[in-house]
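Sequence positions in the sequence shown follow this note's numbering and run 139 to 407.
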Amino acid sequence: MSVRATARIVATRAGLPVLTGEGPLAPRRTRATGPGSRVTLVGAMSAPLGGDRLAVEAEVRDGATLTVDAAAATVALPSRVPEPAHYDVRLTVGDHAELRWLPEQLISAYGSELRMRTQVELAPTALLVLREEQILGRHGEAPGTLFSRLAVRRAGRPLLDQELSYGPGAPAGWDGPAVLAGHRAVGQLLVVSPGFEQMPVTPLLLGDTAVRTPLAGPGALVTAVAPDALLLRRVLDEALADLLDGLPGRPPADRPEGLPYDTGAVAYR
């Protein structure tokens, strides 16, 4: 039987007036390590399965700060229902508000089909940190079919709109040498801040399989592939630390330990 469920989060300067979930989506208030509120998404049951329609909506109102993370990875699983699963994320960030959207990895298990869409609306003075990580197949298995779209608007204008597709249902070449080249961990890190208007982001190669690209607006997109989830996370964490260090008036970001460096960029050794 297919599941339809929505989780909703509203953050204000005073806290979390709205925090609701249904079915497999269970948002929980957790202790924040910095300013603002923190919510952890907990999976209450196996999902998404074929035919499921899940949605998470988060609104960060003017002046508020919110971090959203997850207790565990999300696993897209096969189902007897001959339909794809759908997972929609809708994020809204107000003026002088900050959202850090930091879920755990999405694992595309063999035989699954998932269509994921993330839509973001940002006010002109909003700050956004958004991380997406896709692991194509569990250990020793081929991936399922995964379609993922990320669309971001700032001040009502498009800032980023990209679509990725992997697995047996994707167009030919997705695993070729010009795309994944056999890697099974794929990640994107998006940072948008009005601070980049004063100090624009520069393009930068981050080792052999990652790149930082400035956007046509005050933001940067880091795209990376890696042989496994651990190395992918390290690359994205280091890239995030570099980007936050470049913002005017912000303290230096914590950096992951044990990562090799090469002239300030992440290097694969």
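The beta carbon of each residue, even a glycine, is placed where N, CA and C say it ideally should be.
In this text, all values refer to a predicted model and were calculated from it rather than measured experimentally.
- Per DSSP, A182 lies in no beta strand (DSSP E) and is assigned neither H nor E.
- Here T158 is exposed. Its C-beta has fewer than 16 other C-beta atoms within 10 Å.
- Only residues of its own chain outside the window of five on either side were considered, and among them E251, T283 have a CB closer than 7 Å to the CB of G307, listed in chain order.
- For D313, the secondary structure class from DSSP, reduced to helix, strand or coil, is coil.
- In the DSSP secondary-structure assignment, S286 is bridged to M254, L302.
- Taking a C-beta distance under 7 Å as the contact criterion, L260 and R292 qualify as a contact pair.
- 7 Å or more divides the Cβ of S331 from the Cβ of L244.
- Shown here for A209: same chain residues with a beta carbon closer than 6 Å to its own, the five before and five after excluded, namely T178, V180 in chain order.
- Residue pairing by DSSP places G357 opposite V330 in a beta bridge.
- Of all alpha-carbon atoms in V206, L192, A223, A164, the one lying nearest the alpha-carbon of G174 is that of V206.
- Just measuring C-alpha positions, the residue of V349, V258, V141, H234 sitting nearest V219 is V141.
- The beta carbons of L370 and G333 sit no closer together than 7 Å.
- The shortest CA-to-CA distance from D366 to any of Q300, D383, G275, V148 is the one to G275.
- The criterion of a C-beta distance shorter than 7 Å is satisfied by D200 and D233.
- The three-state reading of DSSP puts E197 in strand, counting E and B together.
- Annotation: the continuous beta strand (DSSP E) that includes A223 extends over 223-231.
- At a Cβ-Cβ threshold of 7 Å, P186 and A223 count as neighbours.
- Remark: C-beta atoms of L240 and L204 do not approach each other more closely than 7 Å.
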